[in-house]
Amino acid sequence: MPETLKLICELLTADPEGGAARVQFDQWLEFYRYLGKIDEIPEHHINHVLAYLTFDM
Numbered sequence: 000m001p002e003t004l005k006l007i008c009e010l011l012t013a014d015p016e017g018g019a020a021r022v023q024f025d026q027w028l029e030f031y032r033y034l035g036k037i038d039e040i041p042e043h044h045i046n047h048v049l050a051y052l053t054f055d056m
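Just so we're aligned: the sequence shown equals residues 0 to 56 in numbering that gives the first Met the number 0.
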């Protein structure tokens, strides 16, 4: 899943090629949730990870 997320970010970024490949964090969260479901990661685990990543926002 990390490689897929990286490829998505590289495809959708407005950053120059070879750069940081940034995307909006809310978009990244949706991609993570979608890919997690495809990979059959339990929803409670996905929610736990997303809650951890957004705790200080």
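Just so you know, even glycine gets a beta-carbon here, dropped at the ideal spot from N, CA and C.
The alpha helix (DSSP H) that contains residue i, what's its start and end?
{"i": "F24", "result": "F24 to I37"}
{"i": "I40", "result": "Taken as a continuous stretch (DSSP letters only), I40 belongs to no alpha helix (DSSP H), as it is neither H nor E."}
In three-state DSSP terms, what is residue i?
{"i": "A20", "result": "coil"}
{"i": "P15", "result": "coil"}
{"i": "T53", "result": "coil"}
Any Cβ of chain D within less than 9 Å of the Cβ of residue i?
{"i": "D25", "result": "Of the protein chains in this structure there is only one, and it is not chain D."}
Would you please state the rounded distance, in angstroms, between the beta carbons of residue i and residue j? I believe it to be under 8 Å.
{"i": "L28", "j": "M0", "result": "No, L28 and M0 are not in contact; Cβ-Cβ is about 13 Å, not under 8 Å."}
{"i": "F30", "j": "L4", "result": "6 Å"}
{"i": "A20", "j": "E9", "result": "5 Å"}
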